[in-house]
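Notes to accompany the following structure.
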Amino acid sequence: MEASKVIHAIYNDDDVLMSAVKKVKAAKHHIEEIYTPFPVHGLDKAMGLAPTRIAITAFMYGLVGLSVAITMMNFIMIEDWPQNIGGKPSFSYLENMPAFVPIMFELTVFFAAHLMVITFYLRSKMWPFKKAENPDPRTTDDHFLMEIAVHGNESELENLLKETGAVEINLVDKEAH
Amino acid sequence: MYTFSNKLKTFSFILMILGLLGVGYGFMTSHKSFEEVEHLLEAEAHHGGGHAEEATHNTHAENTHGEEAHAADEHAKHIEHVQHQIANRPWAALYVAAFFFMMIALGVLAFYAIQIASQAGWSPVLFRVMEGITAYLLPGALIVLIIAVASGTIGHYNLFIWMDPEVVEHDKLIKGKSGFLNLPWFTIRGLIFIAGWSLYRHFSRKFSIAQDTAEDNSNFKKSFRIAAGFLVFFIYTESMMSWDWIMSVDPHWFSTLFGWYVFASMFVSGITVIALISIYLKSRGYLEFVNENHLHDVAKYMFAFSIFWTYLWFSQFMLIWYSNIPEEVTYFISRFNDYKLPFLGMVALNFVFPILMLMNADYKRIPWFVVMTGLVILFGHYIDIFNMIMPATVGDRWFIGIPEISSILLFAGLFIFVVFTALTKAPLLVKRYPFRKESEEFHY
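Line order of the protein sequences matches chains A and B.
Going by this note's numbering, 58 is the number at position 58 of the first sequence; the sequence numbering is gapless.
Position in the second sequence (first residue = 1) + 1000 = this note's numbering.
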């Protein structure tokens, strides 16, 4: 069960936020989420997030694209209808391969790029008409928000967060998603 | 300050001595008399060697239908041809190795100038390593030019057939190019290239060392200006150098992107050598300010320029293969028929291997991994130069044997000696360079 109450600590400086994250982590509190208006360098490391594996998926999608290109060109140009087009040797794939390389390259890039982007959208749950999950509109402009689950330790948490330089601390009921 | 360890110095001398002995042996054994070559070819024919040339020669002889005088003439011509190829081999082996090590130094010089002109923030901690490597440029380039000129004066036109007045006399195509391809003008051009490169090298080094003790940034500004000027000069002269020193071994053939192609080869080899020497010096404890982030950046360059090289190699090959115009395509036909393994093998060495090994960001930060890939890349680019020179000089009589390996050893020894001697001449970290601090704290 998710905690029904969370604390929203708001900061107005990314350096303060970074040191706050380190302090909260050191005090062994679980940070649910952090909302920032722009990428904060090193924030994922400080939060201890696992590295992304999206590059690995892109590599595999690229291999898929390469296989699609090879299979397609081999079937069309060599197996199905091996015509003599301008004297190009269509006896085997290898003999005519240089002519296929531009397509092989482009399809590799096409598959790698597009499927990786789609993977990113799926994994980060983004699509048109999606309801924005934004606890405070200021976090898209110039404020940083750290969300911490409360397990009956409100006052202790609030004191800790005040020490870290939060400009605003709110106790809110978390909406169920 | 770096001190040239005695062990490495001895090692470089051993390389040079072994190389010299082997090169000498190559020249001693390459002078075959007419009869010797005749016997050699007969022996090869009996062994069922299946020489392509022998086969065409035989069919040719049969076609003449008893015109024995003509057949005998053909026979003599063929033997002379092979005799000439055998005599060319030590020259070509020496030339390929000399050019290979020269191009490393030239590639590093271009990389160095780009780093300064682009005001890169990550590389200043590696500047002294680059300056050390470029110390080889002046001797190395002079050696290449001397071998080229010697092959046409003391040698028997062993590298460039356009140097042979008799060939030019009977060859309309070469005759038409003799306004550009003639020995005096070739020599003067070569000296202009070398002078320009060495002047930049001399002054950039001078300003770099002066900046260490300077009060202001005037030396930095000067080095920035001459770097920009040098890059303009370099891209013209590098292109012309590749026509002169490499493309003209096939004076009937031409390619427009050849200069870029040679540039890609020299650039990636140069960057690889920067990585190898930095890793070596760091392992000896001389570059404690160089960290794995710098290695990562250098390895990214190795990766990217390996792909750039492949792009140019394939563009040149595919355009010629596709249009299949006889006067252009002979270049690749001779390589495909007689050099299949080196020609296709270098694509594996220079493209497939680096792209798979250096794609992962973590692997680019592991020294032994970069060293291993770097050695493969260097070997691949040696084969690249080998494929450019050998088909025009020794044809199907190529082999990587004593003349080739000893030439590599000779110039490797010289390269190590010159480079590491230059490294002892100045502290390995630039002082007072405006981007030094940024570079020391470079983090990716």
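All C-beta atoms, glycine included, are put in the ideal place defined by N, C-alpha and C.
Minimum Cβ-Cβ distance from residue i to chain A less than 8 angstroms
i	result
residue 1314 (chain B)	yes
residue 1112 (chain B)	no
residue 1317 (chain B)	yes
residue 1321 (chain B)	yes
residue 1056 (chain B)	Low local confidence applies: a pLDDT of 47 at residue 1056 (chain B) is under 50, so the model's placement there is unreliable, with the coordinate-based value given in what follows. Closer than 8 angstroms: no.
Any chain B beta carbon closer than 8 angstroms to residue i
i	result
residue 98 (chain A)	yes
residue 64 (chain A)	no
residue 101 (chain A)	yes
Reduced DSSP secondary structure (H/G/I, E/B, other) of residue i
i	result
residue 126 (chain A)	coil
residue 1358 (chain B)	coil
residue 116 (chain A)	helix
residue 1098 (chain B)	helix
residue 156 (chain A)	helix
residue 24 (chain A)	helix
residue 85 (chain A)	coil
residue 1261 (chain B)	helix
residue 1293 (chain B)	helix
residue 168 (chain A)	strand
residue 173 (chain A)	strand
residue 99 (chain A)	helix
residue 1400 (chain B)	coil
residue 1001 (chain B)	coil
residue 38 (chain A)	coil
residue 1047 (chain B)	coil
residue 1018 (chain B)	helix
residue 8 (chain A)	strand
residue 1435 (chain B)	coil
Integer-rounded CB distance, given that residue j should sit under 8 angstroms from residue i
i	j	result
residue 1104 (chain B)	residue 1145 (chain B)	With 8 angstroms as the limit, residue 1104 (chain B) and residue 1145 (chain B) do not qualify as a contact, their Cβ atoms being about 17 angstroms apart.
residue 1037 (chain B)	residue 1108 (chain B)	Their Cβ separation, rounded to whole angstroms, is 42 angstroms, which puts residue 1037 (chain B) and residue 1108 (chain B) out of contact at 8 angstroms.
residue 1358 (chain B)	residue 1302 (chain B)	6 angstroms
residue 178 (chain A)	residue 69 (chain A)	With chain A running from 1 to 177 in the structure shown, residue 178 (chain A) is simply not present.
residue 142 (chain A)	residue 37 (chain A)	6 angstroms
residue 1101 (chain B)	residue 1136 (chain B)	7 angstroms
residue 165 (chain A)	residue 11 (chain A)	7 angstroms
residue 90 (chain A)	residue 76 (chain A)	Actually they do not touch by this definition, with Cβ atoms about 10 angstroms apart.
Cβ shell of residue i (< 7 angstroms), same chain only, five flanking positions each side left out
i	result
residue 1250 (chain B)	1331 and 1392
residue 182 (chain A)	The structure shown has nothing for residue 182 (chain A), since chain A only spans 1 to 177.
residue 1254 (chain B)	1247
residue 1308 (chain B)	1264
residue 1334 (chain B)	1391
residue 1433 (chain B)	1124, 1211 and 1220
residue 1164 (chain B)	1157
residue 1289 (chain B)	1125, 1429 and 1440
Cβ neighbours of residue i in the same chain (closer than 8 angstroms, five flanking residues each side left out)
i	result
residue 27 (chain A)	160
residue 1271 (chain B)	1107, 1108, 1111, 1298, 1301, 1302 and 1305
residue 1055 (chain B)	Residue placement at residue 1055 (chain B) is poorly supported in this model, since its pLDDT is 45, which falls under 50; the coordinates still yield a value, given next. So no residue of the chain qualifies.
residue 1436 (chain B)	1124, 1125, 1429 and 1430
residue 80 (chain A)	none
Own chain residues within Cβ distance below 6 angstroms of residue i, not counting five before or after
i	result
residue 1002 (chain B)	1286, 1423, 1424 and 1428
residue 1328 (chain B)	1320
residue 1227 (chain B)	1113, 1116 and 1117
residue 1346 (chain B)	1380, 1383 and 1384
residue 1465 (chain B)	Any question about residue 1465 (chain B) goes unanswered here, given that chain B covers just 1001 to 1444.
TODO: Note down, one range per segment and in chain order, each alpha helix (DSSP H) of at least 4 residues found wholly within the stretch 1200-1257 of chain B.
DONE: 1218-1245
Task: Completely contained beta strand (DSSP E) runs for the stretch 1317-1389 of chain B, where each covers 3 or more residues - done: none
- [ ] Taking only runs that begin and end inside the stretch 1091-1177 of chain B, name each unbroken alpha helix (DSSP H) of 4 or more residues, in chain order.
- [x] 1127-1134, 1137-1153, 1165-1169 and 1172-1177
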